[in-house]
Structure formats: C-alpha cells, structure tokens
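Protein chains: 2
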Amino acid sequence: MAKQEKTAITPTRQEDYPEWYQQVVRAADLAENSPVRGCMVIKPWGYALWENVQRVLDQMFKDTGHENAYFPLFIPMSFLEKEAEHVEGFAKECAVVTHHRLEPGPSGGLVPAPSAKLEEPLIVRPTSETIIGAMYAKWVQSYRDLPILINQWANVVRWELRTRLFLRTAEFLWQEGHTAHATAEEAQEETRRMLDVYADFAENWMAMPVIKGEKTADERFPGAVTTLSIEAMMQDRKALQAGTSHFLGRNFAKAQEIKFQNQEGREEFAWTTSWGVSTRLVGALVMSHSDDDGLVLPPRLAPKHAVILPIYRNDEERSRVLDYCNSLKRDLEQQSFGGGPVRAFLDDRDIRGGEKSWHHIKRGVPIRIEVGPRDLDGNKVVRYRRDRGPKDKEFVDRAQFIAEIGGVLDEMQQNLFQRALKLREENTRTIDNLEDFRAYFTPINENQPEIHGGFALCHFTEGDATMQKILAELKVTPRCIPLDANDEPGKCIFTGKPSQRRAVFAKAY
Amino acid sequence: MAKQEKTAITPTRQEDYPEWYQQVVRAADLAENSPVRGCMVIKPWGYALWENVQRVLDQMFKDTGHENAYFPLFIPMSFLEKEAEHVEGFAKECAVVTHHRLEPGPSGGLVPAPSAKLEEPLIVRPTSETIIGAMYAKWVQSYRDLPILINQWANVVRWELRTRLFLRTAEFLWQEGHTAHATAEEAQEETRRMLDVYADFAENWMAMPVIKGEKTADERFPGAVTTLSIEAMMQDRKALQAGTSHFLGRNFAKAQEIKFQNQEGREEFAWTTSWGVSTRLVGALVMSHSDDDGLVLPPRLAPKHAVILPIYRNDEERSRVLDYCNSLKRDLEQQSFGGGPVRAFLDDRDIRGGEKSWHHIKRGVPIRIEVGPRDLDGNKVVRYRRDRGPKDKEFVDRAQFIAEIGGVLDEMQQNLFQRALKLREENTRTIDNLEDFRAYFTPINENQPEIHGGFALCHFTEGDATMQKILAELKVTPRCIPLDANDEPGKCIFTGKPSQRRAVFAKAY
C-alpha cells in the first residue's frame, strides 16, 4: 500500500506492529484492560467471536466422543506439590487464596480477617491436571471405567507480569481436555487426534495455516512426556503457539494414584493426556488477517456476516429504503453459510455514513451493503468486501447478491487462508549454517521495523547449552519438530553434531 | 406408593428428604463433592443438563436484546467497599487472594512468597456489580451510550460453611445480567422483563411453577432498591428462590460514577439493574420432579430423550437386534421436539438388563425402549415412561412409536408441570391468625418427617421486630409479595397493624 494513503489504524503494521495490534483490538471493540492488573474485559464483539470459537470446537470435541464437565476453581496447595515438574512450572505465577473473610481493619478500611486464615492456601487453577486427576483416581477402578474423555470450559489464572490483550493475560478463558486410558497407545492416539482437531479448526475455521509438530524437551508442558502443538505465523513473521496436546504418560497418574485393575486382574497406573486452546486464539486470528484499516474476520467465525447500511436524505426516502433493507435482511437470513443461516444486520443509527462504514470496516464485518433510493429503483445493492480495499465497490443485482452470498463468503474465507499461507511460505527458509541463522533473525538496524525473520528449518541438538545460549541471545526458540517431516540426516547448525530431523525456529509470542 | 415396595433410592422422600436429595444426585451421577471444601464437581450428566439450561436462557437473553461479555474474576478490595450495603452483604464470605507466587518454605513444602504479597488484596467475585460498574463508568458518556444490556456467564465464589450439591456451594456457575439505563422507568421495565424471562423458563422448560414477587426489605439484594424473585415449592413443601432480578436505582451508579449527559446536556447518574440464575436451578429441578426411584427430568431439558435397550441371548440375535435398534435411533433423530431433533441413544453395554434399566431410571431418561428378537418379528417396541411406574410397560407399533414420540414427550412435560402445580396448590393456605400460622409451620413431633407446612399467604408488617422474632423461631421467612395479588386490606397477623397486601411465607432453601 502506498505510504501516503490514510489508514484507519495508526500506526500501520510496518510502522509499529505491536502498537498496531493494540489499536486494532481497540478499534474493533474486542476487549480492553480492566482495573485489575493483567485481567482483561472481553467486550461483546470480542466475546461473540469467542462464542463462535467455542460452539465449533465444542461440537468437534463431542464428535470425537468427549463430554463436558466442571471441576473446582481452586486447587489445594498440596495437590500442586505432587508432580515435581508441574509445581516448578506453575508455583511461580499463581494467585494464592489465603483468607475467606474480610473485616474492618485498624485504620477503617477492610483487611483479610486474621481469624479466617485458611489452614492450607488454595491456588486459583492455572490448569487442572491435579484437581481433575484427584477425581479420576476416585472414578477409575477397573479397565471398564476407561477411557475417561472429559473436557472443561473454564477460566484460569497465571500471574503474568507483562500482559497483552488476548495474547497474554493473567486470567484467560480456555478449554482443557483431560483423558485417562488403559494403554499408552490409546493415550498417544488421543493426543494426536486432538492436535488434528485443533489444526482442522485453525485452518478451516480461522483460515490460519498451522504447522503440527512436537515440542523439544525444554518447551514441553511441565510434567508431560511429549507435547504436540500447532504453530502459526503472524504478519510480523513471529510464531504463535495456537494449541497444545500433551501425552502425560503415567506421570500424573502416579502422582495422583489413578489406578485400575486390568483385564488380567493386575493393578496398573492409567495413561493420561491433556489438551487446550484459549482466548489467545482471538489474538492469533487478529494478527493473522487484520490490515491497516482494522480487523479482518474469517467469515466462518464472524459474529455477523453482512451489515446493511441504509442511505437516505429525508423521511420519505427513509421509509422506502428501510423497508427494502429489512426485506433484504430477511432474504439474506434465508441463505446458509458455514452450516448455519447467514448472519445479517441493519445499522440504522443516525450518524454520518462515512463514520458508520468505517465503524464496520474496523470491526471486520466481512460484507457491507449500501442501499440508497436509486439502488431501490434499479433493484441493486452496492457491495463492499472486507478482503478488498475499503472503496472497492461493486454494483450487484439484488437477486444475484442474495443468491451468491454464501459463495462470496466462502471465497473470502479461502482468500484469507491463501494469503496467510503465502506469507508463511515466503518467509520460511531452510537454513544450514549458523551465520545465515544469525543474519535471518537479526534486525538490520535499530530503526528497522519489528517485522523481519520468519520460520527457519534447521538441524539442531536437543538440550544443548551452546545452542540455548545463541537462541536466548537472538530471542529465538525452537517452535516444534514438524510431524510430517521426513527423516533427513544432517548436522546441527549450532554444534555440528549429527541430527536426524529439523525443527522450526522462530521468534514467538 | 405402598411402603413395602422396594425403591431405587434409599431413604425415600418420606423417610429423610435431605438425604433422599443427596442420594438422587449421586445415583443420577449429576455431581459430587470435591476435595476442595464447599466446591463441587459437576459430572457429565449434570453438566449436560446445565448446558441445556444455558442454551435456552442464552437465546432468551439475546431475544430480549442482550449481548454476552466477560469481566475479570478478581475484584480489588477497594471496589467492594464503595457501596456500603453491598460490602456488608459480601465481605463476610469471600475468597481473598493475597499473594501471587509460592516458594519453598522453611519446612520443605510451599508457602505463599512473602515478597509476592499484593499491595491490595483481590476478592474472587461473589457477584460483579462493582467491577462491571467500573467499566460502565468508562463506557457511558452520553445518553446515546445507553442502554447497556450485557450478560455474563461465569463462576462466582461465596464462602459458605454449610454446603449442599447445587443448592449451596462455595463456587457456583451462573449468569449475571448487568444493565444501565437513562431513566428509572426503563430500568424498572428491564427488571420486570428479566423476571418474566426467568418465570417463562422455569415454567415452560423446567416444568416448575413459580410465584413472581417482590422481596421484603430484609430479603433484598445488598444495595438494591427492589429485588424481584421467582419462588418455587419443592416436594418437601419448602420454598426455593430460583432467580432474582434487581432494580438497583442509582446506588451503584453513584458508588461507581456511572454518569451521562442527558438530551438537555445536563449530567445525570444512570439507573442500573442486575439479574441472575445459577446452577442452583439444577437442584430445584431435581427436587421438583424426582421420585423414590431417582431423577425425573423434564423432557425439554433432558440431555437425552430416549434410551434404546437391546435384548438378545446370542450373537445371531445380537446382530439382528442391534441393526434394528440403530435404525430405530436414526428414525427417532428425524423427529423433532422442543425446537430440535429428538435426542436418542443406544445402550449396548455388556451388563445385566435389570442393572441397565435401573441405571437409566435413576438418571431420569424420559423414555426407555426395550427391543428383543420377538419385538423385531412383530415390528414392535416396549416403551417405558419415566413419569409412570418403573414396570409400567406398553407394547407399541414401531411406526406409531416413532410418529408419536414428540407428542409423548410433550405430554410428559405437561404432566410434570401439572403435578408440581397441584402439590403447590394443595399446600398453599391463606392464614389470618398467628395460632394457625404457628401450627402450620410446627412439625407435629420430632419423629415427624421433614415434610410439612407449605406456603402461607398472610398479612404482615414490613421490618417489624416482633414478626422477625417469631419467624426466626419457626425458621420461616417471607418469600415474596406476589406481583399478581390484588390490594386487599387486612391486619398483620403478627402485630395487628393494618396491611394492604399479603406475602408468601415459607421455610426455604
């Protein structure tokens, strides 16, 4: 885009990507910071998006045999202590409840009542393996009680110092699947099945291409045997981990005593998994598709597909135009898209037309339709698509417009996916020496915009200290070892040691 | 029911109502206590019921113009202090977060890290008027920004000492609507509209008749000007408050500075409301309809409408019967009921037939169908209805069974409502003197079962100390002043003072 053209969002992506993100979220009215440090308020437009994410994923979970349940918000401190790596991973950033009453303090205000101090502090769940595992231990006696396939939609808290709307907040909303199985194979299949569900959702609903892979040891979930993840490239070429699925082996089953009698009557520990995605997906979606005019939504998840904007100069025109718009809305709602009716709405607010249009552009409504008195007479509508320029209008026959709306939305959904895929492909390189690796991830100079680098596919050495030092310096991490990569003998670019597979390296959110 | 007949639940309602309730919840696998004091685990069957409650109510809220959003779990202590009655109501029973990190303690285990003590303690929300109000204060500038009509689905915590699954738990799930308006009239209309939504849901979905009324001053929500509620009678004749809708006047708007410029350019405080129902509704539903064989579910909210139980003696029969059952299931799912498809499932587990039948009786599945080889040959099914005795079977032609399933479920829904209404009508009395009132609410002797009394409609004196003393003694409370009652001059039965309206008095959950 030519630099001189005015954009709805200031700064642009090129000028200041992190600030552009904040401004897009604000201009789209998705969320804002709250007076509670690190906690966000998800506003109606952002929450409607999350509801769509929930609805689709929830059906996918049910279609793969899972049921929903709900477990306590609080976890006794002693539960966290049972799995050594797990407590190490979460004790440093958790909200601790120590009292159950407030009372007037010496200086007038309230204080936690000393007489209401809890014997054992409670942790606000950062994740629920421990409390759910404690219940599974009660529920599982025999191999007949397995598998247990349960999901929970919940809020969790991880005390983060540096927060960013959707991407990293102290409290966030998520789902966490927790399953228990009689064999390692079954649990591993489940781990992979749910990764595939996440990838399917990311690609076919969010229009966000992802790489499915396995995390290296350092990047695993605390307590997991293997962690699988999907990784997406944002428009600043950084990676974002969009979902994880963990094979927990028998680590948590041993810590929590989830035992069963097998078919031969012997007692065994169960094999467990856990998997989750969160409101972080909303941040990923924003950064995948939005442009310098604001939010761009993949139509299949958009809270609304089309907004109808009536144009009139007087009461007589107003009445005719509104009648036409209302009938247009009804006709649109008879059409279907993405497994449901087209979601159309009329914006009849008494504000200037330009302001109104930009309002919906910034909020990412996929299709805008303007209807004025002349369009009525010609039985036409003016159509704008959010995947094109803000002034790129088409005059379309009413009947044709109605008939093709599902197809147009589909095409937009595909366009967004292809555009994101192209970005990733153009910014993914196979790198075979350290010098190139350093150059790839080093901004040219301090005035260089944030956007640089990308994904690098490199041979590496698991857990090597030299490698870790270089990566820390460059602020690069191994994102995952792609599952679909073939074995390919080579040499680690950091140590020169022989290596069988490449990992994806990138800067990351 | 004859005493000698064996029931699936022990004790029966007559023998020990509170214990019967716990046993029904357990036998139906709805929920159980967790290792975290006062917090319950909602199991898949109970959660599926709650999901149905959510789905229906959520659509009702959207149909009345509300949007969903999400606000922080935590409330700064100082926010709670702003509204005097509110803090008084909630400070005594709240979970207080004081630290944001754990660290190894002197004796080896973890302790809250002294260096990570919060400057201001945070309260886990017991309700969200204060934090939501703080956001509304930012969002509202002009009368054009009003009304704000937002609902939140969330978990809340109120530290309860004596808890009971669904009815009273430290953490519970609920929805809380919070609205702000330019005029008192609009806010009052909203308060009443949402009460009507709750009553509609209770009666037409839960099959639970309710009395809509206004709370007396002592029973109001802390900080409200008026509190409306719906009150239902349980089978032990106690009242259960099933939903509340509060007109908050300008109390919270003043405490939180929710101000707007009116059309004349003058600054005014907004008028706010709040309204909520919780997982308590599940407890209400259990106690309204269940019997001595376990849970009875109103078909419109049942997670499953019909279970198909195949009967066979050998592999050849098994294969034929299962084919028939699967085709039956598909045909049932083509039928519709309550605005969606009939939810049928097949229970093919390899356990004894009797055990299997009782499993579904105790879980309240509305219709059970048995299919054996002989039924196949006659093209029949054996149908059992959960609103009749467990052995009350009907042989029905397959085609007829399919065709009438929606009608049968409807009839069952109506039956449950009528049965509950009859119980309430038979146990509601107009009482005009204190002696009768005392007698009505006093168990005949200590061996008398819990079930006694009912609803008493009496004249009363708002806030009178003598009345309060007598009520406390009898453990009776004024439930509400029915909205549909006509003015009727009379005398308070406690004080003899003149009174214009009767309130409903009852023992209550």
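Just so you know, the protein sequences line up as chains A and B, in that order.
Take 1 as the starting number for the first sequence in the working numbering and just add one per residue.
Take 510 as the starting number for the second sequence in the working numbering and just add one per residue.
Just so it is clear, CB atoms sit at the ideal spot from N, CA and C, and this is done for glycine as well.
- Excluding the 5 residues flanking it on each side, residue 548/B has same chain C-beta neighbours closer than 7 Å at 678, 679 and 680, in chain order.
- Counting other Cβ atoms within 10 Å of its Cβ, residue 425/A stays below 16 and is therefore classed as exposed.
- Fully contained in the stretch 417 to 493 of chain A are the following beta strand (DSSP E) runs of length 3 or more, in chain order: 428 to 430, 455 to 459 and 477 to 482.
- Here residue 848/B is exposed: its Cβ has fewer than 16 other Cβ atoms, across all protein chains shown, within 10 Å.
- The beta strand (DSSP E) runs of length 3 or more contained entirely in the stretch 704 to 776 of chain B are, from start to end of the chain, 720 to 723, 735 to 742, 748 to 756 and 768 to 770.
- Inclusion of residue 77/A and residue 123/A in the CB contact set at 8 Å is warranted, their separation being smaller than that value.
- Non-local beta-carbon contacts of residue 104/A in its own chain, meaning distances under 7 Å to residues more than five positions away in sequence, involve 110 in chain order.
- Rounded to whole angstroms, residue 346/A and residue 371/A show a C-alpha spacing of 11 Å.
- The Cβ of residue 543/B sits closer than 8 Å to at least one Cβ of chain A.
- Here the alpha carbons of residue 32/A and residue 271/A stand approximately 40 Å from one another.
- With a contact defined as Cβ atoms closer than 8 Å, residue 899/B and residue 801/B miss out at about 10 Å.
- Rounded to whole angstroms, the Cβ separation of residue 565/B and residue 675/B is 18 Å, and the two are not in contact under 8 Å.
- Look at residue 95/A: its C-beta is under 8 Å from a C-beta on chain B.
- Taking a beta-carbon distance threshold of 8 Å, residue 553/B counts as an interface residue toward chain A.
- Within the same chain, and ignoring the five residues on either side of residue 914/B in sequence, the residues whose Cβ sits closer than 8 Å to its Cβ are 814, 815, 841, 844, 846, 851 and 876.
- Within chain B, the residues placing a beta-carbon under 8 Å from that of residue 91/A are 610, 611, 612 and 619, ordered along the chain.
- The Cβ of residue 561/B sits no closer than 8 Å to any Cβ of chain A.
- Setting aside the 5 residues that flank it on each side, residue 888/B is surrounded in the same chain by 907, each with a C-beta closer than 6 Å to its C-beta; the list follows chain order.
- A residue is called buried once 16 or more other Cβ atoms fall within 10 Å of its Cβ, and residue 278/A is buried on that count.
- Of all C-beta pairs linking the stretch 88 to 96 of chain A to the stretch 138 to 145 of chain A, fewer than three are shorter than 8 Å, placing the two stretches out of contact.
- For the pair residue 890/B and residue 862/B, the Cα-to-Cα distance works out to about 16 Å.
- Straight-line measurement puts the Cα of residue 454/A at about 13 Å from the Cα of residue 474/A.
- Chain order gives the chain A residues near residue 668/B as 100, 101 and 116, where near means a beta carbon separation below 9 Å.
- If you draw a 10 Å sphere on the C-beta of residue 950/B, you find 16 or more other C-beta atoms in it, and that means buried.
- With respect to residue 627/B, residue 157/A sits apart: the two C-beta atoms are not nearer than 8 Å.
- Residue 700/B and residue 737/B have their alpha carbons spaced roughly 8 Å apart.
- Taking the C-beta atoms as reference points, residue 8/A is found no nearer than 8 Å to residue 364/A.
- Within chain B, the C-beta atoms nearer than 7 Å to that of residue 47/A come from 577, 578 and 579, in chain order.
- Residue 643/B belongs to the set of residues whose beta carbon lies under 8 Å from a beta carbon in chain A.
- A direct Cα-to-Cα measurement between residue 695/B and residue 551/B gives close to 37 Å.
- For the stretch 757 to 772 of chain B, the beta-carbon criterion of a distance under 7 Å to any beta-carbon of chain A is satisfied by none of its residues.
- Taking the beta carbon of residue 633/B as reference, the chain A residues within 8 Å of it are 73, 97 and 124, listed in sequence order.
- According to the DSSP assignment, residue 99/A belongs to the beta strand (DSSP E) that extends over 96 to 99.
- By the Cβ criterion, the stretch 515 to 530 of chain B is in contact with the stretch 740 to 752 of chain B, since at least three pairs of Cβ atoms, one from each stretch, lie closer than 8 Å.
- What residue 171/A touches in chain B, judged by beta-carbon distance under 8 Å, is 581, 582 and 583, going in chain order.
- Among the residues of chain A, those whose CB is under 7 Å from the CB of residue 590/B are 109 and 110, following chain order.
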